[in-house]
Amino acid sequence: MKQRILHIIKSLLGSAEYVLRPWNYAKDELLVLCMHSTPLDRKAQFEALLDFLFKHFKPLHPNQLKDYFDGKLKEGPYVLFTFDDGLKNNVMAAELLESRNARAIFFVVPDFIDATDREGYYRTKIRLNIDPTVDHETEDFIPMSELELSQLLASGHFVESHTMSHLLRSTSGKEEVTREVISSKKWISEKLGHEATVFCSPIQTNFSVNAEAKRTIQREYEFHFTTFPGLHSVNRDPQMVFRRNIEVHWSMGQIKYALGKADLPRWKGEISRFQQL
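Sequential numbering from 0 applies to the sequence shown in numbering that gives the first Met the number 0.
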């Protein structure tokens with residue numbers, strides 16, 4: 000009940016901000032979206048979301064990331080889709096993006112892909128709380144196969160690292176950090192023939208990344224996608240890429256809240272804490 004009330008409040012605030020105080024994002028702004036499950040029975044909802052977003056933002060291709068962070072792209076604002084965990088139902092999302100000439104980044108977890116009991120792995124190590132009204136089919140709980148990931152790469156999408164096991168934590172020691180950050184990159188290279196340049200920290204970044212992990216990520220990857228929302232036109236750091244979490248089953252009001260600016264001030268402390276690592 001508490002969660003439902005919170006969602007209603009965010010929906011009302013998001014709708015109000017959208018109408019009363021338009022976003023007015025700068026031409027050099029980039030909103031990076033963080034999504035997870037995209038069930039097939041939410042296809043129409045995802046299509047409506049794309050229609051809404053592409054009315055306000057230009058899609059940024061993942062291969063334009065370097066140019067953007069080098070300050071070369073100023074004809075936006077832009078939007079980039081990313082999907083965490085590499086769920087099989089993300090194939091639908093990839094196909095719909097392709098139909099609109101857009102591409103995304105899919106962050107994968109090798110131990111999830113290689114698990115004998117993949118659904119069990121997802122339920123115990125990646126997403127403990129699952130809403131059965133949203134996720135209820137097999138493809139909502141298992142990962143894309145190596146073949147499907149290879150097909151994504153061939154279609155122009157990016158497949159990047161979301162750690163080896165999704166269990167990287169701020170308490171992890173050097174050996175654990177090495178496996179989570181470096182071995183996941185090696186797996187992508189060996190299994191998919193793709194050199195990963197983007198790392199995405201799991202859960203809340205300050206809960207999963209310590210100083211050792213931060214240094215390792217900086218050394219091994221060109222970009223670090225975090226869980227912090229923010230404005231890239233203000234702070235353009237490829238090792239602290241901001242993302243806005245939205246989900247396909249959310250109301251449009253909730254999505255507008257996540258895309259707006261009203262929620263940004265409360266993240267300043269978390270961002271400062273990460274910068275000081």
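By construction, the Cβ of each residue, glycine as well, lies at the ideal position given by its N, Cα and C atoms. Predicted model, so just to flag it, every value in this text is computed and none were measured.
Check: Quick check: the Cα distance between residue 231 and residue 29, rounded to an integer number of angstroms?; Outcome: 6 Å
Check: Using the three-state DSSP reduction, which class does residue 160 fall into: helix, strand or coil?; Outcome: strand
Check: Along the alpha helix (DSSP H) that carries residue 49, what are the first and last residues, could you check?; Outcome: 42–55
Check: Which residue's Cα is closest to the Cα of residue 271: 7, 205 and 199?; Outcome: 205
Check: Determine, using beta carbons only, whether residue 273 and residue 213 come nearer to each other than 9 Å.; Outcome: yes
Check: Using only CA atoms, which one of 193, 80, 128 and 13 lies nearest to residue 64?; Outcome: 80
Check: Three or more C-beta pairs under 8 Å: does that hold for the stretch 159–171 against the stretch 187–195?; Outcome: yes
Check: Three or more C-beta pairs under 8 Å: does that hold for the stretch 102–112 against the stretch 49–56?; Outcome: no
Check: Who are the near neighbours of residue 229 in its chain, counting only those whose CB is closer than 6 Å to its CB and skipping five residues on each side?; Outcome: 241
Check: Would you mind sorting residue 323 into buried or exposed? The rule is 16 or more other CB atoms within 10 Å of its CB.; Outcome: Outside the displayed span of the chain (0 to 276) sits residue 323, for which this structure offers no information.
Check: Verify whether the separation of the beta carbon atoms of residue 136 and residue 39 is less than 9 Å.; Outcome: yes
Check: Report the three-state DSSP secondary structure of residue 6 (helix, strand or coil).; Outcome: helix
Check: Rounded to whole angstroms, what's the CA-CA distance from residue 249 to residue 258? Just pull it up for me.; Outcome: 12 Å
Check: If you compare alpha carbons, which of 57, 16, 253 and 133 is closest to residue 26?; Outcome: 57
Check: Work out the CA separation of residue 19 and residue 111 for me, nearest whole Å.; Outcome: 44 Å
Check: Which two residues bound the contiguous beta strand (DSSP E) that contains residue 273?; Outcome: Counting along the chain, residue 273 falls outside any beta strand (DSSP E), though it belongs to the alpha helix (DSSP H) covering 267–274.
Check: For residue 225, does the count of other Cβ atoms within 10 angstroms reach 16, so buried, or fall short, so exposed?; Outcome: buried
Check: Nearest chain D C-beta to residue 23 closer than 9 Å, yes or no?; Outcome: As a matter of chain content, chain D is missing from the structure shown, which is built from one protein chain.
Check: Under the rule that 16 or more other beta-carbon atoms within 10 Å means buried, what is residue 233, buried or exposed?; Outcome: exposed
Check: Under the rule that 16 or more other beta-carbon atoms within 10 Å means buried, what is residue 132, buried or exposed?; Outcome: exposed
Check: Between the alpha carbons of residue 5 and residue 251, how many angstroms are there, rounded?; Outcome: 15 Å
Check: Give the DSSP-derived three-state secondary structure of residue 68 in the structure shown.; Outcome: helix
Check: Just grab the DSSP bridge partners of residue 81 for me.; Outcome: 33 and 104
Check: Using CA atoms only, rank isn't needed, just tell me which of 113, 165 and 154 is closest to residue 143.; Outcome: 113
Check: Taking the C-alpha atoms as reference points, what is the distance between residue 92 and residue 82?; Outcome: 9 Å
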